[in-house]
Each structure stands twice: as structure tokens, then as C-alpha cells.
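To start, the structure under review is shown below, and the notes come after it.
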Amino acid sequence: MIPKLDRATQDVGNILLLEHFNVLINDQRLATLFYVTGLGGTRDPYLMTGLNNMWVNFGRTQVHMPSPGANPVPQVMRAKVGLVVPDLDALNARLEFARREIARVMPEKPQQFSFSRGDNCIDARCPWGNRVRCHAPSPEWGDVQLGLAYLDFDVP
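Residues in the sequence shown are numbered from 4 upward in steps of one, following the numbering used here.
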């Protein structure tokens, strides 16, 4: 017998896992300071370890950041990235450190890095302007302790 599906209980359209998002970047140093040092991701040690693409792991999910050709124009998504991170206090401390490092290493380079602490989240902006909202683990995110939770698109 074929079971009857209740699609109303699956309000995300049967999505099982949001695995990754891609954005073009033009400086792996800035990407490392934001996505690895600041947000706490891990540079994938096996895949795309060269200088023309960068993969950063957040649990079972990834950010892919290709740098094709000379001087690519970085992408800014019309979306907010939602990440679940294990500890907002530790994240805040890492982002403070990343802020100082970006200012020390690249004082002449214009960039949009910023972050602010809210009641239950930290809103951050990468050096190119992509927005990331970080949440602590909670039942709202299922059993995710670290990973991509959502992409909240700005639709005109």
C-alpha cells in the first residue's frame, strides 16, 4: 500500500537539505578573515584548495567562493544567509578579532565588514556586503548545531 502524503506538514516544498550557496569573491584573504576566522567555518582541506576557488564548511553545508579570472566583480546576493552556530558569545569574540585583523592587514582596502549583536542573533555583513544572520542552536533549526539554515531572499 502506498502511504498518503500530507504535503501541508512539509511547508518548505520537500527540501531535505540546503547544502550550499555560491558567491564570487576577489580576495581570499578577506574571505578567510570573515568566513573562517570570524564566522568559524573551516576551509575544506580536500576540495578546491587552490587560489581560484574556496570552499568553506559549516557542518554539513558549504559556502563556495570562486575567483574566476583577473579581478572578478564580487557578488552581493539579494538575500540574507541564515546560519546556525554553536555559541553566539564565541562568535561575537571571533568577529571582534576579525574586525581588528581586517583593519590591520588591509587598512587601505574599502570593504563593508560589520556586525551587531541582537537579542537572539548576530547580524554580520561580509567585506563585499553579503548579509549573514547567525542563530544559536534551537528546536526551530532541528538538530542543526552548525550549518546553513535558510536563505531569505529580498524579492521586489
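All C-beta atoms, glycine included, are put in the ideal place defined by N, C-alpha and C.
For residue i, I'd like the list of residues in its chain whose CB is within less than 6 Å of its CB, leaving aside the five on either flank, ordered along the chain.
i: Ile28; result: Ala34, Met68, Ser70 and Pro77
i: Met80; result: Asn133
i: Trp58; result: Asp47, Leu50, Met51, Gln65 and His67
i: Ala96; result: none
i: Pro140; result: Val87 and Gln148
i: Asn56; result: Pro69
i: Gln114; result: Pro130
By alpha-carbon positions, which one of the options ends up nearest to residue i?
i: Leu54; options: Arg63, Asn74, Phe61 and Gly62; result: Asn74
i: Phe116; options: Thr40, Ile5, Gly72 and Pro6; result: Thr40
i: Val32; options: Arg136, Asn60, Pro142 and Cys129; result: Looking at the sequence itself, residue 32 is Arg, so the reference to Val does not match. Of the listed residues, the one whose Cα sits closest to Arg32 is Cys129.
i: Ala93; options: Glu111, Pro110, Gly44 and Asp30; result: Gly44
i: Gly150; options: Val26, Phe61 and Lys7; result: Phe61
i: Asp146; options: Ile105, Val135, Arg63 and Lys7; result: Arg63
For residue i, which residues of its own chain have a beta-carbon under 8 Å away from its beta-carbon, when the five flanking residues on both sides are left out?
i: Leu154; result: Leu21, Phe24, Met80, Ala82, Lys83, Val84 and Gly85
i: Leu98; result: Gly41, Leu42, Phe118, Ile125 and Ala127
i: Ala152; result: Leu21, Gly85, Leu86, Val87, His138 and Trp144
Applying the 10 Å Cβ sphere with the 16-neighbour rule, what's the burial state of residue i?
i: Ala101; result: buried
i: Asn123; result: exposed
i: Gly72; result: exposed
i: Val108; result: exposed
i: Ile5; result: exposed
How far does the alpha helix (DSSP H) with residue i in it reach, from first residue to last?
i: Arg107; result: Leu91 to Val108
Give every residue of the same chain whose Cβ lies closer than 7 Å to the Cβ of residue i, excluding the five residues on either side of it in the sequence, and list them in chain order.
i: Arg120; result: Asn95
i: Val158; result: none
i: Phe37; result: Ala101, Phe116, Cys129 and Pro130
Since residue i is in the beta strand (DSSP E), which residue starts that stretch and which ends it?
i: Leu86; result: Ala82 to Val87
i: Gln65; result: Thr64 to Pro69
i: Ala152; result: Gly150 to Phe156
i: Ala34; result: That residue, Ala34, is in no beta strand (DSSP E); its alpha helix (DSSP H) goes Gln31 to Ala34.
i: Phe118; result: Ser117 to Arg120
i: Asp126; result: Cys124 to Arg128
i: Trp58; result: Asn56 to Phe61
i: Asn133; result: Run containing Asn133: none; DSSP gives neither H nor E here.
i: Phe37; result: Looking at the DSSP string, Phe37 is not in any beta strand (DSSP E), and its letter there is neither H nor E.
Helix, strand or coil for residue i per DSSP?
i: Thr45; result: strand
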